[in-house]
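Note that the UniProt record's numbering gives residue 337 to position 337 of the sequence shown, counting from 1, and the numbers run on in steps of one. Just so it is clear, CB atoms sit at the ideal spot from N, CA and C, and this is done for glycine as well. Comments concern the structure below.
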Amino acid sequence: MFHVCQYRPLRLITQNSVSSMYLKLMLSRHVAFAQIWKSWFSSHSLVGSKNIILMGPPGAGKTTVGRIVGQKLDCPVIDIDDDVLETTWNMSVSEKLQDVGNEQFLEEEGKALLKFSASGSVISLTGSNPMHSAGMEHMKKSGIVVYLDVPTTVIMSRLKSMKVDRIVGQSPGISLKDILQFRKQFYKRWYDIRVLCGGDNAAEVVAEKVLDAVKRYQNSELETFISTRSSRSERSMEKNSHKYFSDVVIEGLAPDGGLFVPERGLPKFTAGEWQSLIEATYIERAQVILEGCIHPADIPASKLAEIIGTAYGENFTCSKIAPVRHLAGNQFLLELFHGPTASFKDFALQMVPHIFAYCIPRSCNYLVLVATSGDTGSAVLDGFSRLHDTDKQRIAVMNFFPENGVSPIQKSQMIGCQKENAWSVGVKSDFDFCQTAIKQIFTNSDYTGFLTVEYGTALAAANSINWARLLPQIVYHASAYLDLVHQDIIPFGTPVDVCIPTGNFGNILAALYAKMMGIPIRKCICASNENNVLTDFIRTGVYDLRGRKLIPTFSPAVDILKSSNLERYLHLIANEDGQLVMQLYNQLEKQGHFQLRKDLLEKLQQDVVAGWCSEEECLAAIHSVYSTTGYILDTHTAVAKVVADRLQDRTCPIIISSTAHYSKFAPAILRALRIAEIKQNPLSQLHLLSSYSPLPPVHWGLLETLKKTENEDHQVCAADMSMLMSCIETLIQNHFM
């Protein structure tokens with residue numbers, strides 16, 4: 001018998017970044033991953049011999065939608081209430097409930113399901129069927145479960161108009177709303193596909209959504225990824241070597257040096273679908289958005305829910321995860337620092353390690369390489385150190401950072417976050433060298449092949465060059481907009497601007513992706529510090545590194561000259577012209593500059609504007625905001641605040657991304673607030689900040705992490721490729737051998 005709940009479509013996972021015959025031999029034992037995702041639908045019918053099983057709360061429209069779907073597919077339609085339960089019991093469902101009571105009713109209902117069998121049908125479950133485990137396990141074996149996800153407020157309104165005042169499980173003291181909320185956990189446990197249903201969706205529209213969702217489920221081969229540097233002719237010649245989400249998570253960087261992007265783009269949500277998420281929690285929003293971006297063949301909905309729950313559960317101190325706070329006037333702060341390492345990087349890096357562990361084959365060890373300009377290092381170390389012990393034995397992470405190019409607290413934090421599978425290496429150079437070195441290592445097939453043969457270890461990336469890093473960032477930009485709607489600050493559809501401190505272009509790219517997916521963002525404002533290469537580029541179309549030297553600033557996370565994720569955006573506005581992107585980046589590499597065509601620059605400027613902030617303006621903004629509001633901006637958020645003040649036209653709200661907690665940059669904050677003489681010891685700096693009672697408290701995790709660093713050390717390496725490779729080999733020998 002076909003078991004949907006046990007069947008996960010598997011694909012061959014390759015490691016083109018370690019493009020050698022050796023890794024292919026290593027993976028040959030995983031022949032199961034080479035199975036073709038065989039459609040369980042016949043060529044004449046979408047259903048074939050399996051069932052489409054509609055699930056959802058009472059009032060979701062399962063019966064009506066089921067009839068329409070059945071008509072479109074010309075297949076039998078079965079309503080569990082009318083065609084199974086009432087026939088079995090010889091009485092109405094309401095009479096049975098009144099006769100036996102809630103608990104016995106659920107048991108009797110489950111028994112009826114266990115005796116039921118059908119094939120090639122559209123089946124509409126009752127609202128309470130999912131509460132009986134054995135019955136649902138039996139049903140799930142016969143087909144695909146589609147969850148009609150309707151907002152609770154809409155269901156309440158529908159049940160009222162239907163004059164339904166009691167459902168299974170309701171008793172004195174328990175409201176209808178409470179029961180509906182309680183049931184959601186059971187719906188989420190069983191579904192294979194979710195269909196978002198807004199309050200104004202006609203049954204015909206929902207039926208079409210169901211059919212589209214089922215088609216997507218069985219056509220995983222359509223959701224492939226391409227390199228930003230591959231031409232259309234190259235892609236047509238490589239149709240038999242498709243890359244899927246699981247592949248790009250593992251490989252990180254494309255073999256040609258480009259970055260992976262989805263070939264068909266990201267899903268577009270309707271206004272009604274976004275509005276259905278207004279009442280949802282952050283975790284619920286993340287689940288819905290990421291389900292649309294990750295095919296269930298790569299990560300089933302149930303596993304994705306587990307990963308999201310683990311990432312954003314106890315690890316974040318604020319229940320809202322990414323709260324939006326009013327600052328002043330039409331400015332709002334999106335607080336992205338409530339995770340364990342106090343920066344926005346936690347949103348991706350509490351998730352990515354679990355995604356990575358799920359996607360990789362079990363027979364090979366993996367070393368994850370990451371370069372950081374500040375916050376990524378501690379976030380990636382913390383994230384991978386939280387894996388299950390069995391996963392930590394086969395997955396390790398090595399973090400390269402500029403030894404003298406991060407704040408003292410950031411450096412101490414990276415040292416303190418080292419664990420048995422996570423290490424930091426200080427490099428005597430800048431971030432651009434670290435990032436370029438990692439890219440060169442990945443594209444060195446001789447070296448990666450050697451690591452595979454000699455040590456049975458493959459390399460992977462955790463920087464924002466990895467596609468999986470970007471997806472969780474889309475969620476918080478979308479969620480921020482929905483929060484403004486939920487707080488009645490704006491009605492849905494009103495545009496907003498967003499202002500983001502930007503270095504590697506990943507965070508602002510995620511906002512642009514949220515806009516593409518249907519969030520009404522008008523302009524994305526790119527905020528640079530004195531390393532303002534992006535500001536110059538966005539204003540002129542000329543990306544010019546000639547004669548530029550990296551300037552150490554108070555906002556080190558955006559002390560970047562080579563902006564990696566800009567490549568993905570250029571590929572997007574160039575209509576996926578990979579040949580053009582290749583030419584631009586080859587020219588940048590060889591000549592240190594390139595110029596965008598006028599039409600592409602005009603296209604870019606429709607979405608993005610840019611400005612930059614001096615060091616003096618940064619400190620002045622911190623002092624001014626604290627003096628007027630009592631709120632302390634970190635240095636990166638201060639850069640964004642200065643640029644937002646300069647560029648916003650005040651015709652719509654503006655959301656400023658607050659990317660880190662102020663206490664990570666204590667020396668600059670102490671200087672800006674003119675508090676006291678700055679001590680060099682990072683722990684002393686935090687103690688000094690925390691001793692001033694008028695100030696908001698320092699971040700909950702920083703003090704504990706920094707206490708650990710007093711007796712810990714880290715490795716320091718020269719800015720030399722051979723030295724970095726030697727560090728990698730030493731780590732592999734120590735951890736995996």
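Check, Outcome
"Based on Cα-Cα distance, which residue from Ala468, Ser121, Thr553, Pro340 lies nearest to leucine 702?", "Pro340"
"If you draw a straight line from the alpha carbon of valine 288 to that of methionine 723, how long is it in whole angstroms?", "44 Å"
"Return the residue from the list Ser142, Ser157, His132 that minimises the CA-CA distance to valine 168.", "His132"
"From which residue to which residue does the alpha helix (DSSP H) around cysteine 434 run?", "431–442"
"So glutamate 615 packs on threonine 553, CB below 8 Å; how close in whole Å?", "6 Å"
"Where does glutamate 576 sit, in a helix, a strand or coil, going by DSSP?", "coil"
"Who are the Cβ neighbours of residue 743 in its own chain at under 7 Å, not counting the five residues just before and after it?", "Limits of the chain in this structure are 1 at one end and 737 at the other, which puts residue 743 out of reach."
"Please check the pair serine 663 and valine 698, which I expect to be a contact at CB under 8 Å, by giving their CB distance rounded to whole angstroms.", "4 Å"
"Does the distance from the C-beta atom of serine 506 to that of leucine 470 stay below 8 Å?", "First, the amino acid is wrong: residue 506 is glycine here, not serine. Cβ atoms of glycine 506 and leucine 470: closer than 8 Å."
"Which partner residues of arginine 194 appear in the DSSP bridge assignment?", "Tyr147"
"Assign tyrosine 447 to one of two classes, buried (16 or more other C-beta atoms within 10 Å of its C-beta) or exposed (fewer than that).", "buried"
"Find the nearest neighbour of glutamate 617 within the set Ala668, Gly199, Gln185, judged by alpha-carbon distance.", "Ala668"
"Opposite glutamate 95 in the DSSP bridges: which residues?", "Glutamate 95 pairs with nothing; no bridge assigned."
"For the stretch 173–234, list the alpha helix (DSSP H) runs that are entirely contained and at least 4 residues long, ordered along the chain.", "176–190, 203–218"
"Given that a residue counts as buried once 16 or more other Cβ atoms are within 10 Å of its Cβ, and exposed if not, what is methionine 414?", "buried"
"Can you list, in chain order, the stretches of the beta strand (DSSP E) that have 3 or more residues and sit fully within the stretch 61–114?", "77–79"
"State the Cα-Cα distance for the pair arginine 394 and aspartate 212, rounded to the nearest angstrom.", "39 Å"
"Near threonine 152, which residues of its chain fall below 6 Å by C-beta distance, leaving aside the five closest residues on each side in sequence?", "Leu180"
"Is it true that the CB of tyrosine 455 sits closer than 8 Å to the CB of methionine 737?", "yes"
"Taking all protein chains shown into account, decide if lysine 38 is buried (16 or more other Cβ within 10 angstroms of its Cβ) or exposed.", "Summary for lysine 38: the model assigns pLDDT 31, below 50, so the residue's position carries little reliability; its value from the coordinates is reported in the next sentence. Lysine 38 should be labelled exposed."
"Is it the case that the Cβ atoms of serine 128 and glutamate 109 are separated by a distance below 8 Å?", "yes"
"Have a look at the DSSP bridge pairing and note the partners of methionine 162.", "Answer is none; methionine 162 lacks a bridge partner."
"Is the distance from the Cβ of leucine 277 to the Cβ of arginine 264 below 8 Å?", "no"
"Quick one: any contact between the stretch 633–642 and the stretch 573–589, if contact means 3 or more CB pairs under 8 Å?", "no"
"Note down the Cα distance separating proline 402 from glycine 426, rounded to an integer number of angstroms.", "6 Å"
"Could you tell me whether the Cβ atoms of isoleucine 438 and alanine 379 are closer together than 8 Å?", "no"
"Is it buried or exposed, cysteine 364, if we count other Cβ atoms within 10 angstroms and call 16 or more buried?", "buried"
"Output needed for arginine 568: all residues of its chain with C-beta closer than 7 Å, excluding positions within five of it in sequence on either side, in chain order.", "Thr228, Leu259, Val261, Leu509"
"Quick one: residues in its chain with C-beta nearer than 6 Å to the C-beta of alanine 640, no 5 flanking neighbours on either side, listed in chain order?", "Cys499, Pro501, Ala527, Ile656"
"Please tell me whether valine 65 and valine 210 are closer than 8 Å, where the distance is taken between their beta carbons.", "yes"
"Curious, which full-length beta strand (DSSP E) runs of at least 3 residues does the stretch 565–626 contain?", "593–595, 608–612"
"Are leucine 114 and leucine 54 touching if we call contact CB-CB under 8 Å?", "no"
"Specify, as a first and last residue, the run of the beta strand (DSSP E) that asparagine 734 falls within.", "Counting along the chain, asparagine 734 falls outside any beta strand (DSSP E), though it belongs to the alpha helix (DSSP H) covering 721–736."
"Kindly provide the ranges of any beta strand (DSSP E) runs that are 3 or more residues long and lie completely inside the stretch 474–527, ordered along the chain.", "496–501"
"Who pairs with alanine 297 in a beta bridge, going by DSSP?", "Paired residue(s): none; alanine 297 is not in a bridge."
"Suppose you measure from the CA of alanine 357 to the CA of aspartate 391; what does that come to, to the nearest Å?", "7 Å"
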